[in-house]
Each structure stands twice: as C-alpha cells, then as structure tokens.
Amino acid sequence: MPKFTHHVFICGNQRTPGHPRGCCNCDGKDALREAFKSELTRRGLTPLVRANKAGCLDQCEMGPIVVIYPQEIWYGNVQPHDVPRIVEETIIGGRLLDDLLIKDDQLNNTKA
Ligand code: FES
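Below, the structure written as structure tokens:
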C-alpha cells in the first residue's frame, strides 16, 4: 500500500456553547471534514491524500484547525469554503496560504 502524500487532520472537537476556548466543530456536523472528503474525492486524490477527524489539537483559540502531515502545515480559522483552495494551492501546488497559516511562534505548545 503506498504511503499517504498528505494526511489532513481536521479538529472535530465539540464543547458546550460559550466555552472560553471555543471549539472547532460546535454544531457537531463535521462540515469541514465533509468538505475535505468531498473535495479530495472530486479531485481524485484519494487514497494518497487522506482526511481524518481529530480530537482537540490544542490550538482552539485559532480554530477551526486543520493540520497537514508530514508537511506540518497548520491552518487556522478554516471554513468549508476554504477547502478547495487548500486542496488546489497547498496539497496539489505545494504553496502555503498566508491568510490561514499559523506560524510556529503562534502555535500553542504550553496548554494541556
Ligand atoms: S477544539 Fe479544535 S483545536 Fe481545540
């Protein structure tokens, strides 16, 4: 079985409304993950590119959060309408999207 070229993890964490850290999937509908699955299928990128639901990725305040491995690309405030652009520019084209990118010094590495 070939290795994935990109493994996209989409935070699907839910919290109660009004939680101070927010959440990435407040309504529990997994719209972002569904958008990735649909776009990857439409573009014929499966199975080499895989989109999986993740638990909290601990970057909640910048959510909804998506991280792409092994490239270690973190995107924040990602909306379903951003997904075709992420697939086209980042996954296919190898280009970072500055408006979504969470830079290393912005990543929360301290909270449990
Ligand atoms: S709830 Fe999505 S990163 Fe924490």
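According to the working numbering, the sequence shown holds residues 2 to 113 in order. Just so it is clear, CB atoms sit at the ideal spot from N, CA and C, and this is done for glycine as well.
query: Tell me whether the beta-carbon of L41 lies closer than 8 angstroms to the beta-carbon of V50.; result: yes
query: Beta-carbon within less than 6 angstroms of L97's beta-carbon, same chain only, minus the 5 sequence neighbours each way: which residues are those?; result: none
query: Less than 7 angstroms separating the Cβ of Q60 from some heavy atom of the ligand FES?; result: yes
query: Figure out for me which residue from L102, I69, P85 has the closest Cα to the Cα of N78.; result: L102
query: Using C-beta distances below 6 angstroms, list every residue in its chain close to F117, excluding the 5 sequence neighbours before and after it, in chain order.; result: The structure shown does not extend to residue 117, since the chain spans only 2 to 113, so no value can be given for it.
query: Between the alpha carbons of N14 and T91, how many angstroms are there, rounded?; result: 24 angstroms
query: So is the beta-carbon of I93 under 7 angstroms away from any non-hydrogen atom of the ligand FES?; result: no
query: Could you tell me if the beta carbon of C25 falls within a distance shorter than 7 angstroms of some heavy atom in the ligand FES?; result: yes
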